[in-house]
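This report refers to the structure that appears directly beneath it.
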(Lines of atoms letter the chains of each structure in order from A and count residues from 1; the text may use other names and numbers.)
(Lines give C-alpha, C1' and ligand atoms only; values in the text may rest on other atoms or scores of the structure.)
Protein backbone atom coordinates (compact mmCIF):
# COMPACT_ATOMS: atom_id res chain seq x y z
CA UNK A 1 0.00 0.00 0.00
CA UNK A 2 1.21 3.47 -0.89
CA UNK A 3 1.50 6.08 1.87
CA UNK A 4 2.24 9.80 1.79
CA UNK A 5 4.31 10.92 4.78
CA UNK A 6 4.38 14.70 5.35
CA UNK A 7 7.04 15.57 7.94
CA UNK A 8 9.45 18.54 7.95
CA UNK A 9 11.99 17.06 10.38
CA UNK A 10 14.53 15.38 8.06
CA UNK A 11 15.86 12.84 10.55
CA UNK A 12 12.38 11.83 11.75
CA UNK A 13 11.09 11.67 8.18
CA UNK A 14 13.99 9.42 7.20
CA UNK A 15 13.52 7.04 10.13
CA UNK A 16 9.75 6.84 9.63
CA UNK A 17 10.14 6.24 5.88
CA UNK A 18 12.61 3.45 6.51
CA UNK A 19 10.38 1.82 9.15
CA UNK A 20 7.26 1.98 6.98
CA UNK A 21 9.15 0.66 3.97
CA UNK A 22 10.44 -2.20 6.11
CA UNK A 23 6.79 -2.87 7.00
CA UNK A 24 6.08 -3.33 3.26
CA UNK A 25 4.53 0.07 2.53
CA UNK A 26 5.54 2.16 -0.48
CA UNK A 27 6.32 5.60 0.99
CA UNK A 28 6.46 9.03 -0.63
CA UNK A 29 7.80 11.74 1.67
CA UNK A 30 7.19 15.50 1.46
CA UNK A 31 8.85 18.05 3.76
CA UNK A 32 6.66 21.14 3.28
CA UNK A 33 2.97 21.86 3.00
CA UNK A 34 2.86 23.22 -0.54
CA UNK A 35 4.66 20.17 -1.95
CA UNK A 36 2.28 17.88 -0.06
CA UNK A 37 -0.78 19.77 -1.29
CA UNK A 38 0.47 19.54 -4.87
CA UNK A 39 1.18 15.81 -4.78
CA UNK A 40 -2.21 15.11 -3.18
CA UNK A 41 -3.84 16.77 -6.18
CA UNK A 42 -2.06 14.49 -8.63
CA UNK A 43 -1.39 11.16 -6.88
CA UNK A 44 -3.51 8.49 -5.20
CA UNK A 45 -2.64 7.14 -1.75
CA UNK A 46 -4.03 4.57 0.65
CA UNK A 47 -3.10 6.73 3.66
CA UNK A 48 -1.69 10.16 4.52
CA UNK A 49 0.43 10.59 7.66
CA UNK A 50 0.38 14.33 8.22
CA UNK A 51 2.37 16.56 10.57
CA UNK A 52 0.66 19.83 11.55
CA UNK A 53 3.65 22.15 12.03
CA UNK A 54 4.86 22.43 8.43
CA UNK A 55 6.60 25.26 6.52
CA UNK A 56 4.85 27.09 3.66
CA UNK A 57 1.44 25.54 4.39
CA UNK A 58 0.33 24.04 7.71
CA UNK A 59 -1.12 20.59 8.10
CA UNK A 60 -4.64 21.74 8.97
CA UNK A 61 -4.86 23.76 5.75
CA UNK A 62 -3.64 20.75 3.74
CA UNK A 63 -6.37 18.68 5.39
CA UNK A 64 -9.03 21.34 4.75
CA UNK A 65 -8.15 21.54 1.04
CA UNK A 66 -8.01 17.75 0.75
CA UNK A 67 -11.52 17.28 2.13
CA UNK A 68 -12.83 20.25 0.11
CA UNK A 69 -11.81 18.29 -3.01
CA UNK A 70 -13.93 15.38 -1.64
CA UNK A 71 -10.82 13.23 -1.30
CA UNK A 72 -11.63 10.64 1.39
CA UNK A 73 -8.15 9.13 1.77
CA UNK A 74 -7.59 8.26 5.47
CA UNK A 75 -5.49 10.86 7.30
CA UNK A 76 -3.48 10.18 10.45
CA UNK A 77 -2.33 13.39 12.10
CA UNK A 78 1.16 13.11 13.56
CA UNK A 79 2.33 16.06 15.59
CA UNK A 80 4.04 17.32 18.72
CA UNK A 81 1.05 19.57 19.35
CA UNK A 82 -0.99 17.28 21.58
CA UNK A 83 -3.47 19.82 22.98
CA UNK A 84 -7.19 19.14 22.99
CA UNK A 85 -7.74 22.15 20.73
CA UNK A 86 -5.39 20.77 18.06
CA UNK A 87 -7.06 17.35 18.19
CA UNK A 88 -10.54 18.85 17.90
CA UNK A 89 -9.54 21.06 14.95
CA UNK A 90 -7.98 18.13 13.09
CA UNK A 91 -10.88 15.76 13.68
CA UNK A 92 -13.44 18.42 12.75
CA UNK A 93 -11.61 19.03 9.47
CA UNK A 94 -11.81 15.33 8.61
CA UNK A 95 -8.79 13.60 10.14
CA UNK A 96 -9.37 9.92 10.88
CA UNK A 97 -6.92 9.42 13.73
CA UNK A 98 -4.41 11.31 15.85
CA UNK A 99 -1.02 10.31 17.24
CA UNK A 100 1.12 12.64 19.38
CA UNK A 101 4.91 12.61 19.43
CA UNK A 102 6.76 10.81 20.88
CA UNK A 103 5.23 7.48 19.86
CA UNK A 104 6.18 3.85 19.27
CA UNK A 105 6.68 2.72 15.68
CA UNK A 106 4.63 -0.41 16.33
CA UNK A 107 1.65 1.74 17.28
CA UNK A 108 2.04 3.91 14.18
CA UNK A 109 2.13 0.83 11.93
CA UNK A 110 -0.88 -0.72 13.68
CA UNK A 111 -2.92 2.47 13.35
CA UNK A 112 -1.91 2.81 9.69
CA UNK A 113 -3.05 -0.73 8.87
CA UNK A 114 -6.31 -0.27 10.77
CA UNK A 115 -7.14 2.95 8.92
CA UNK A 116 -6.42 1.36 5.54
CA UNK A 117 -8.55 -1.70 6.39
CA UNK A 118 -11.48 0.48 7.47
CA UNK A 119 -11.23 2.59 4.33
CA UNK A 120 -11.64 -0.64 2.36
CA UNK A 121 -14.65 -1.57 4.56
CA UNK A 122 -12.84 -4.38 6.37
CA UNK A 123 -13.27 -4.06 10.12
CA UNK A 124 -11.58 -7.40 10.89
CA UNK A 125 -7.84 -7.92 10.51
CA UNK A 126 -8.61 -11.08 8.49
CA UNK A 127 -9.95 -10.68 4.94
CA UNK A 128 -11.09 -13.68 2.93
CA UNK A 129 -11.84 -14.64 -0.64
CA UNK A 130 -13.06 -18.23 -0.56
CA UNK A 131 -10.25 -20.40 0.83
CA UNK A 132 -7.72 -17.53 0.60
CA UNK A 133 -7.26 -15.68 3.92
CA UNK A 134 -5.24 -12.49 4.37
CA UNK A 135 -3.98 -11.80 7.89
CA UNK A 136 -3.80 -8.00 8.11
CA UNK A 137 -1.64 -8.08 11.23
CA UNK A 138 1.00 -10.52 10.03
CA UNK A 139 0.61 -9.42 6.36
CA UNK A 140 0.51 -13.08 5.31
CA UNK A 141 -1.77 -15.24 3.17
CA UNK A 142 -3.08 -18.75 3.75
CA UNK A 143 -4.64 -20.85 1.03
CA UNK A 144 -6.71 -23.81 2.19
CA UNK A 145 -5.10 -23.38 5.59
CA UNK A 146 -1.53 -23.50 4.30
CA UNK A 147 0.85 -20.53 4.35
CA UNK A 148 1.25 -19.18 0.81
CA UNK A 149 4.89 -18.48 -0.13
CA UNK A 150 5.05 -15.06 -1.78
CA UNK A 151 7.69 -12.49 -2.60
CA UNK A 152 7.28 -8.97 -1.20
CA UNK A 153 5.85 -7.62 -4.48
CA UNK A 154 3.58 -10.63 -5.03
CA UNK A 155 2.17 -10.20 -1.54
CA UNK A 156 1.61 -6.48 -2.15
CA UNK A 157 -0.29 -7.11 -5.40
CA UNK A 158 -2.44 -9.80 -3.81
CA UNK A 159 -3.13 -7.56 -0.81
CA UNK A 160 -4.46 -4.79 -3.04
CA UNK A 161 -6.68 -7.24 -4.91
CA UNK A 162 -8.18 -8.93 -1.84
CA UNK A 163 -8.82 -5.64 -0.03
CA UNK A 164 -10.83 -4.37 -2.99
CA UNK A 165 -13.52 -6.92 -2.16
CA UNK A 166 -14.48 -8.01 -5.66
CA UNK A 167 -13.91 -4.67 -7.41
CA UNK A 168 -11.64 -4.62 -10.46
CA UNK A 169 -8.52 -2.44 -10.72
CA UNK A 170 -6.57 -1.62 -13.86
CA UNK A 171 -2.84 -2.06 -14.27
CA UNK A 172 -2.01 1.63 -13.98
CA UNK A 173 -4.00 2.14 -10.77
CA UNK A 174 -2.51 -1.02 -9.29
CA UNK A 175 0.98 0.21 -10.09
CA UNK A 176 0.26 3.59 -8.45
CA UNK A 177 -0.78 1.83 -5.23
CA UNK A 178 2.42 -0.22 -5.09
CA UNK A 179 5.23 2.06 -6.19
CA UNK A 180 6.44 5.42 -4.90
CA UNK A 181 6.98 8.51 -7.04
CA UNK A 182 10.75 8.00 -7.16
CA UNK A 183 10.67 4.30 -8.03
CA UNK A 184 11.55 3.22 -11.56
CA UNK A 185 8.93 0.71 -12.67
CA UNK A 186 8.98 -1.56 -15.70
CA UNK A 187 5.56 -1.24 -17.40
CA UNK A 188 5.37 -5.04 -17.61
CA UNK A 189 6.12 -5.57 -13.90
CA UNK A 190 2.46 -5.81 -12.84
CA UNK A 191 1.74 -8.40 -15.52
CA UNK A 192 4.70 -10.47 -14.32
CA UNK A 193 3.52 -10.40 -10.70
CA UNK A 194 -0.03 -11.30 -11.71
CA UNK A 195 1.26 -14.20 -13.82
CA UNK A 196 3.28 -15.56 -10.89
CA UNK A 197 0.32 -15.21 -8.54
CA UNK A 198 -1.94 -17.06 -10.95
CA UNK A 199 0.51 -19.96 -11.00
CA UNK A 200 0.54 -20.07 -7.18
CA UNK A 201 -3.27 -20.00 -7.01
CA UNK A 202 -3.62 -22.59 -9.74
CA UNK A 203 -5.81 -25.55 -8.78
CA UNK A 204 -7.54 -23.66 -5.95
CA UNK A 205 -10.98 -22.08 -5.81
CA UNK A 206 -9.48 -18.57 -6.12
CA UNK A 207 -8.38 -16.90 -9.33
CA UNK A 208 -7.22 -13.55 -10.68
CA UNK A 209 -9.33 -12.81 -13.75
CA UNK A 210 -8.87 -10.09 -16.34
CA UNK A 211 -11.96 -8.06 -17.23
CA UNK A 212 -11.63 -6.32 -20.56
CA UNK A 213 -11.50 -2.57 -20.09
CA UNK A 214 -11.62 -2.83 -16.28
CA UNK A 215 -8.47 -4.67 -15.19
CA UNK A 216 -7.77 -7.42 -12.67
CA UNK A 217 -10.23 -8.96 -10.23
CA UNK A 218 -9.71 -11.51 -7.47
CA UNK A 219 -12.67 -13.87 -7.17
CA UNK A 220 -13.76 -17.20 -5.79
CA UNK A 221 -14.47 -19.71 -8.55
CA UNK A 222 -17.95 -21.23 -8.41
CA UNK A 223 -17.90 -23.25 -11.63
CA UNK A 224 -15.55 -26.04 -10.62
CA UNK A 225 -16.40 -29.37 -12.15
CA UNK A 226 -18.21 -31.72 -9.75
CA UNK A 227 -16.22 -34.70 -8.48
CA UNK A 228 -16.42 -37.86 -10.53
CA UNK A 229 -18.37 -40.52 -8.60
CA UNK A 230 -16.46 -43.64 -7.72
CA UNK A 231 -17.39 -46.89 -9.38
CA UNK A 232 -17.67 -49.97 -7.15
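Residue numbers (this note's numbering): 2 to 233. By construction, the Cβ of each residue, glycine as well, lies at the ideal position given by its N, Cα and C atoms.
Where the beta strand (DSSP E) containing residue i begins and where it ends
i           : result
residue 151 : Unbroken run through residue 151: none, as it is neither H nor E.
residue 55  : From DSSP, residue 55 is part of no beta strand (DSSP E); its letter is neither H nor E.
residue 5   : 3-7
residue 215 : Taken as a continuous stretch (DSSP letters only), residue 215 belongs to no beta strand (DSSP E), as it is neither H nor E.
Cβ-Cβ separation, residue j to residue i (assumed contact under 8 angstroms), whole Å
i          : j          : result
residue 21 : residue 64 : About 20 angstroms separates the two Cβ atoms, so there is no contact after all.
residue 11 : residue 33 : Rounded, the Cβ-Cβ distance is 12 angstroms, inconsistent with contact.
residue 24 : residue 31 : About 19 angstroms; that fails the 8 angstroms criterion.
Environment of residue i [buried if 16+ CB atoms lie within 10 Å]
i           : result
residue 80  : buried
residue 158 : buried
residue 60  : buried
residue 175 : buried
residue 166 : exposed
residue 189 : exposed
residue 136 : exposed
residue 194 : buried
residue 71  : exposed
Contact under 8 angstroms by Cβ, residue i with residue j
i           : j           : result
residue 127 : residue 205 : no
residue 149 : residue 201 : yes
residue 67  : residue 100 : no
residue 49  : residue 74  : yes
residue 119 : residue 77  : no
residue 199 : residue 191 : no
residue 156 : residue 140 : yes
residue 109 : residue 87  : no
residue 170 : residue 217 : yes
residue 130 : residue 35  : no
Reduced DSSP secondary structure (H/G/I, E/B, other) of residue i
i           : result
residue 194 : helix
residue 221 : strand
residue 101 : strand
residue 1   : Since the first residue shown for the chain is 2 and the last is 233, residue 1 is missing from the structure and cannot be characterised.
residue 127 : strand
residue 28  : strand
residue 76  : strand
residue 145 : coil
residue 89  : helix
residue 189 : coil
residue 138 : coil
Limits of the alpha helix (DSSP H) - the one that residue i falls within
i           : result
residue 63  : 60-69
residue 81  : First-last for residue 81: undefined, no H or E at that position.
residue 170 : Careful: residue 170 lies outside any alpha helix (DSSP H) and carries neither H nor E.
residue 38  : 34-43
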